[in-house]
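2 protein chains.
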Amino acid sequence: MEWIENGSVTTPSCFQASGIACGLKRSGAADMAMIYSPRPCVVAGAFTSNLFAAAPVEYDREIVSSGNPVHLVVVNSGNANACTGEQGLRDAERMAELAGSMLMVHKSQVLVSSTGRIGVPMPMDIIEAGVEMCVKALSPEGGLDASKAIMTTDTVPKSVATALEVGGATIRLGGMTKGAGMIAPKLKLQPPQATMLCYVTTDACIERDALNACLAKAIGMSFNRITVDGDTSTNDTVLVLANGAAGNECIRLGTVECDRFGEALVEVLGDLARRMVLDGEGVTKFVEVNVRGAASDLDAKTCAESIANSALCKTAWFGADPNWGRILCAAGYCGISFDPYRVNLDYDGVPVVRGGMEAGTPEADLVEVLKKRCWKMDLDLGAGTGSYTVWTCDLTYDYVKINADYHT
Amino acid sequence: MEWIENGSVTTPSCFQASGIACGLKRSGAADMAMIYSPRPCVVAGAFTSNLFAAAPVEYDREIVSSGNPVHLVVVNSGNANACTGEQGLRDAERMAELAGSMLMVHKSQVLVSSTGRIGVPMPMDIIEAGVEMCVKALSPEGGLDASKAIMTTDTVPKSVATALEVGGATIRLGGMTKGAGMIAPKLKLQPPQATMLCYVTTDACIERDALNACLAKAIGMSFNRITVDGDTSTNDTVLVLANGAAGNECIRLGTVECDRFGEALVEVLGDLARRMVLDGEGVTKFVEVNVRGAASDLDAKTCAESIANSALCKTAWFGADPNWGRILCAAGYCGISFDPYRVNLDYDGVPVVRGGMEAGTPEADLVEVLKKRCWKMDLDLGAGTGSYTVWTCDLTYDYVKINADYHT
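In order, the protein sequence lines correspond to chains F and X.
Counted the way our numbering counts, the first sequence spans residues 1 to 408.
Counted the way our numbering counts, the second sequence spans residues 1001 to 1408.
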């Protein structure tokens, strides 16, 4: 597998994309994106598990579960179309219909996504003009523009592509993602929303059940392991579109080729997910929380998420404060069972805690680790073989600033 | 029931207290407190449910569950004596023994508490000198001094007293508490730690099982309903000492007198708990989250806690941003069931959401509510009769500052 420099959703064959500014954002920044494949695409999707799933999420779920091939994805930023009732559903459908009609594609073959403020009706006149601009701007080089147009509080666009040999042909995967706050996706395949959005294109030929299986695994290894603020959005969406233009022998479930494709998808989603955390709202530190030695994988997950979401741990990391007491405290209240006297903790391989007490490493050595932009902790609970990893970040002044000022 | 101005733990008869500075805090602020009753006291206690319960918590649990009467409580701030292993347990016991020996009280009749940094061995030479100073400073007017000496990041001491007629006599309750961060107590009676500490004295005569029952109920109506940052500490402790000096007919379980005493205890703990939130780290807003119409009380609790701990909700409150989408979002991902289209939300009685969508109240009217120092929301899920209330606060620059700089 080979990463492709400046790769994007238009790196795979026969995909076009665009990103334009139509006026949904007061700032005048790009706010609508489109991905188009003239060839029909097999699609797999995962969406938020939030009860207040946004209108476009409800709309997409139906399309994806129908099994119909799709040609088009339209995404707007600047408005989430969530908590907008029946009108919101009509607006999502209308957005799909408008875009489809300009490309001779039926609305049942068009997916839509929205991200932005919750509870504001969609300004359909602006949407309509935007869709027209987006269609006109479609280009085989439009992937990077699209990745910019889906940003909200992101500071950098996040785009990637890779190539590998599968089934006698070179296939490519391209991906883009956005999301900086309200990030703690709990995605469910077909039936799931954060406001993280992620789109993957591939020119591989792959059967639908194989694509679903690969996506389910890849989500579990990527977006469902990240948290910025512990808030699971109403709009989280991951879509994978496969148009088969690479000419490989079609990938079937349970084959070596399926495994290879799945591994590539894990890498692509993992890379995008890590970059999302690093570009999280106000983030200055990326922290990998590895918990092992738990009684079960589920216990390890509960513990890792408790640490990753603890306001006290996250502010300590911002301050490069090795305050391990807060980490043990978050493990101790998360509701799982273990013996406190058997707990060990390392920061980047440097011993911090042994047997539930300080390991004796000079504090200055720990501070050195915590000053790094990316570091990891290994927490061993000494209670079994369960393990889990979460990617998280610090909690900073800028997070507060961004979210206290969001509206004004 | 009557509140007593400038009341404290020494307002009830025959209690003495003191608060002094012995050098545990680098700042030179008061850091050790003592409450003493020459008469033996019936005691009830509730402690943290964190697995890493601090040494003094483990020590106190044994004393409280033994049922023996106690005479003395010694509290230090500046060091939590948590994650300190066997040595920590010996230090807690030694602290009790030192204090007891100076007052001719056996260590089994002495309770100890600690609050401060986790994982640092207790400096026993300082503790020893402090205990001696504290005993010498004991006075029937020492309650307010004691309430200052237990503070950590608190900005104001929190002390209260009340009087009521029970069983033919006037009885008094006095209380003090501390805690500003690591506040999300999940106290369990006898077997529970946040770093909130609370001490209540009363000159009532009350039987032990009656006192336990009253405390269990009062905790459920007060400290277990508050959250500042969602972090449940290793040291949370609530102790109630009853010395019987009022001369009332002894209060027994299941009597009207027990109900009256219980109501007074609910009021005292409720007042202290609300003041704790208002003095939480960096707090500028006190928010009462009322959830009703849930399928069960437990569902209502899950939902209220999800909102009260949401970083996005808390930062919006700081910014006086009526962003109700974040509240619905936090309700939507908390894992309970309800129909999004039946949800209503009010801020201080002003309609915000009706049927899952905006109620149409002008935004300026909502902003007016959110600018208040204290306000409440009523969220009706339309799914049943379950209800629950949580007292919480905003998340501010100062919270980040306090906790990123704590160590340095």
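We put the beta carbon where it would ideally sit given N, CA and C, even for glycine.
The structure presented is a predicted model; accordingly, all values stated were derived computationally and were not measured.
Original post:
VAL160(F) by DSSP, collapsed to three states: which one?
Top reply: strand
**OP:** Decide if TYR347(F) is buried, meaning its Cβ has at least 16 other Cβ atoms within 10 Å, or exposed.
**Re:** Note on TYR347(F): 16 or more other CB atoms within 10 angstroms of its CB, so buried under the neighbour-count rule.
Subject >> Candidates GLY270(F), ALA137(F), VAL120(F), ASP271(F), of which the one nearest GLY85(F) by Cα >> reply: VAL120(F)
Subject >> Nearest-angstrom Cβ-Cβ length linking PRO1340(X) and LEU51(F), presumed shorter than 8 Å >> reply: PRO1340(X) to LEU51(F), Cβ: 5 Å. Contact.
**OP:** Check each residue of the segment 225-246 of chain F: if its Cβ is closer than 8 Å to any Cβ of chain X, include it; give the result in chain order.
**Re:** ASP229, GLY230, ASP231, THR232, SER233, THR234
Subject >> Residues from the segment 49-67 of chain F in contact with chain X, defined by Cβ distance under 9 Å >> reply: SER49, ASN50, LEU51, PHE52, ALA53
Original post:
Quick one: Cα of ASP31(F) to Cα of ASP1154(X), how far?
Top reply: 45 Å
Original post:
Exposed or buried, VAL1343(X), counting other C-beta atoms within 10 Å across all chains shown (16 or more means buried)?
Top reply: buried
**OP:** Say whether the segment 92-100 of chain F touches the segment 37-50 of chain F, bearing in mind that this needs 3 or more beta-carbon pairs closer than 8 Å, one atom from each stretch.
**Re:** no
Subject >> Reduced DSSP secondary structure (H/G/I, E/B, other) of PRO1351(X) >> reply: The answer is strand: DSSP assigns PRO1351(X) an E or B state.
Subject >> ARG1117(X): contacting residues in chain F (beta-carbon distance under 7 Å) >> reply: GLY325
Original post:
Looking at C-alpha atoms only, which residue of VAL70(F), CYS329(F), VAL135(F) is the closest neighbour of GLN109(F)?
Top reply: VAL70(F)
Original post:
Counting Cβ pairs, one atom from each stretch, are 3 or more of them under 8 Å apart for the segment 298-307 of chain F and the segment 272-283 of chain F?
Top reply: no
Original post:
Is the CB of LEU1265(X) under 8 Å away from at least one CB in chain F?
Top reply: no
**OP:** Report yes or no: is there a C-beta of chain C within less than 8 Å of the C-beta of ALA294(F)?
**Re:** Structure shown: chain C not included; protein chains present are F and X.
Subject >> Members of the segment 1352-1375 of chain X near chain F, C-beta cut-off 8 Å >> reply: VAL1353, GLY1355, GLY1356, MET1357, GLU1358
**OP:** Quick one: measure Cβ to Cβ for THR1152(X) and GLY1116(X), integer angstroms, because I've assumed they're closer than 8 Å.
**Re:** 6 Å between Cβ atoms; contact.
**OP:** Let me know the secondary structure DSSP gives PRO38(F) once reduced to three states.
**Re:** strand
Original post:
Are any of the Cβ atoms in chain F nearer than 8 Å to that of VAL1400(X)?
Top reply: yes
Subject >> Where PHE1047(X) sits in the DSSP three-state scheme >> reply: strand
Subject >> Assumed close pair ASN243(F), ASP203(F) - CB separation to whole angstroms, cut-off 8 Å >> reply: 6 Å
**OP:** Determine the chain X residues that contact ASN403(F) at a beta-carbon separation under 7 Å, and present them in chain order.
**Re:** LEU1312, THR1315, ALA1316
Original post:
What are the boundary residues of the alpha helix (DSSP H) that VAL131(F) is part of?
Top reply: 124-137
Subject >> Beta-carbon proximity list for PRO1351(X), same chain, < 7 Å, skipping 5 on both sides >> reply: ALA1359, THR1361
**OP:** List the residues of chain F that PHE1338(X) touches, going by C-beta distances under 9 Å, in chain order.
**Re:** LEU51
**OP:** Express the C-alpha separation of ASP1394(X) and GLY283(F) in angstroms, rounding to a whole number.
**Re:** Reading off the sequence, residue 283(F) comes out as Val, not Gly. The alpha-carbon atoms of VAL283(F) and ASP1394(X) are separated by roughly 20 Å.
Subject >> Per-residue burial, ASP1125(X) [other beta carbons within 10 Å of its own, 16 or more giving buried] >> reply: exposed
Original post:
Is there a Cβ from chain X that is less than 8 Å from the Cβ of THR153(F)?
Top reply: no
**OP:** Could you tell me whether the segment 1213-1220 of chain X touches the segment 1016-1033 of chain X, using the rule of 3 or more Cβ pairs below 8 Å?
**Re:** Taking a cut-off of 8 Å for Cβ pairs, the segment 1213-1220 of chain X and the segment 1016-1033 of chain X do not touch, as fewer than three such pairs fall below it.
**OP:** Taking only beta-carbon positions, decide if ALA82(F) is within less than 8 Å of chain X.
**Re:** It does; some Cβ of chain X falls within 8 Å.
**OP:** Could you give the DSSP three-state label for THR408(F): helix, strand or coil?
**Re:** Only weak support is given to the placement of THR408(F): the predicted model assigns it a pLDDT of 41, under 50, and the question is left unresolved by the model.
**OP:** Tell me whether VAL1369(X) is buried or exposed, calling it buried when 16 or more other Cβ atoms sit within 10 Å of its Cβ.
**Re:** buried
**OP:** Would you mind working out which of CYS1083(X), LYS1148(X), VAL1135(X) sits nearest SER963(X), comparing C-alpha positions?
**Re:** It is not possible to answer for residue 963(X), since the shown part of chain X is limited to 1001 through 1408.
Original post:
For chain F, is any of its Cβ atoms less than 8 Å away from the one on ALA1304(X)?
Top reply: Not a single CB atom of chain F sits nearer than 8 Å to the CB of ALA1304(X).
**OP:** Report buried or exposed for LYS301(F), applying the criterion of at least 16 other Cβ atoms within 10 angstroms of its Cβ.
**Re:** buried
Original post:
When you compare only the Cα positions, how much space is there between GLN1193(X) and ALA1080(X)?
Top reply: The predicted position of GLN1193(X) is uncertain, since its pLDDT is 30 and thus under 50; no value can be drawn from it.
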